[in-house]
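The structure under discussion appears below in the form of C-alpha cells.
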Amino acid sequence: MNHWLFKSEPDEYSIDDLASEPGQTGHWDGIRNYQARNFLRDKVAVGDGVLFYHSACKVPAVVGTAEVVKAAYPDPAQFDPDSPYFDPKASAGAPRWFCVDLHWRSTFAHPVPLAQIKADPRLQEMVLVKQGRLSIQPVTAEEWQIISERGS
DNA sequence: GCCAACGTTGGC
DNA sequence: GCCAACGTTGGC
Numbered sequence: 003m004n005h006w007l008f009k010s011e012p013d014e015y016s017i018d019d020l021a022s023e024p025g026q027t028g029h030w031d032g033i034r035n036y037q038a039r040n041f042l043r044d045k046v047a048v049g050d051g052v053l054f055y056h057s058a059c060k061v062p063a064v065v066g067t068a069e070v071v072k073a074a075y076p077d078p079a080q081f082d083p084d085s086p087y088f089d090p091k092a093s094a095g096a097p098r099w100f101c102v103d104l105h106w107r108s109t110f111a112h113p114v115p116l117a118q119i120k121a122d123p124r125l126q127e128m129v130l131v132k133q134g135r136l137s138i139q140p141v142t143a144e145e146w147q148i149i150s151e152r153g154s
C-alpha cells in the first residue's frame with residue numbers, strides 16, 4: 003500500500019465536504035497538472051492512504067486522512083464545455099485528465115500545520131517541503147506515521 | 001527545441 | 001495582496 007498527500011483548497015473542497023458526501027465517498031477531480039496526473043493515473047491504487055491537506059487558506063495543514071476506493075478513470079469534466087475544467091483537446095478515445103474516488107477515513111483532532119512539518123527534521127524530505135506546488139505527491143510510510151500520530 | 005512571456009499555485 | 005517558484009504556451 004502506498005501513501006499520498008492530496009491538496010485541496012478548503013473553500014473549494016474541504017475534508018468536511020468529503021465527510022458529508024453520501025457514503026462519505028467523493029470524486030477527486032479537476033486535476034490539471036501533468037505531474038499530478040501521472041501519479042494519479044499510474045500509481046494511485048485502491049487501498050492507498052491519503053493525507054488530506056488544506057492549501058491556500060489561513061493555516062495550511064494536514065487535516066485528516068482518506069482512502070482510495072476507486073482507481074483512475076477519465077475525469078468527466080474535461081468533456082463538458084460548460085465546465086471550468088473543460089479541455090478541448092481531450093476526447094473520449096484519448097482522455098487527458100483523470101480522477102479517483104476517495105473515502106473519508108478520519109478528521110484530525112489536531113490538524114498538523116505546514117509550519118510544524120517544516121520544523122520537524124524528520125519531515126524535511128517531504129515533497130510538500132521541497133517543492134511547493136504539487137497537488138498530488140507521494141508520502142513515505144514513516145512520514146505518514148509521524149503526521150497521523152501527531153494529528154490524532 | 002529554445003526561450004520569453006504569461007499564467008497559476010500557494011505561502012506569507 | 002504580494003511575490004517566488006514553478007508550469008505552460010507559442011513564436012521562431
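Take 3 as the starting number for the first sequence in the working numbering and just add one per residue. Just so you know, even glycine gets a beta-carbon here, dropped at the ideal spot from N, CA and C. All values reported here derive from a predicted model rather than from experimental measurement.
Around the beta carbon of Arg124, fewer than 16 other beta carbons lie within 10 angstroms, which makes this residue exposed.
One Cα belongs to Val70, the other to Ala143, and the distance between them is close to 16 Å. DSSP places Trp106 inside the beta strand (DSSP E), whose first and last residues are Phe100 to Pro115. In this structure, Leu130 is the residue among Pro140, Leu130 and Gln147 with its C-alpha nearest to the C-alpha of Ser57. The secondary-structure analysis by DSSP pairs Glu151 with nothing; it has no beta-bridge partner.
For Ser22, the uninterrupted alpha helix (DSSP H) run begins and ends at Ile17 to Ser22, by DSSP.
Short of 6 Å from the beta carbon of Val114, and not among the five residues preceding or following it, lie these beta carbons of its own chain, in chain order: Ala63, Val64, Ile149, Arg152 and Gly153. DSSP places Lys132 in the uninterrupted alpha helix (DSSP H) bounded by Val129 to Lys132.
Contact check between the segment 6-20 and the segment 133-140: three or more CB pairs, one atom from each, fall below 8 Å, which counts as touching.
Contact check between the segment 99-110 and the segment 16-35: three or more CB pairs, one atom from each, fall below 8 Å, which counts as touching.
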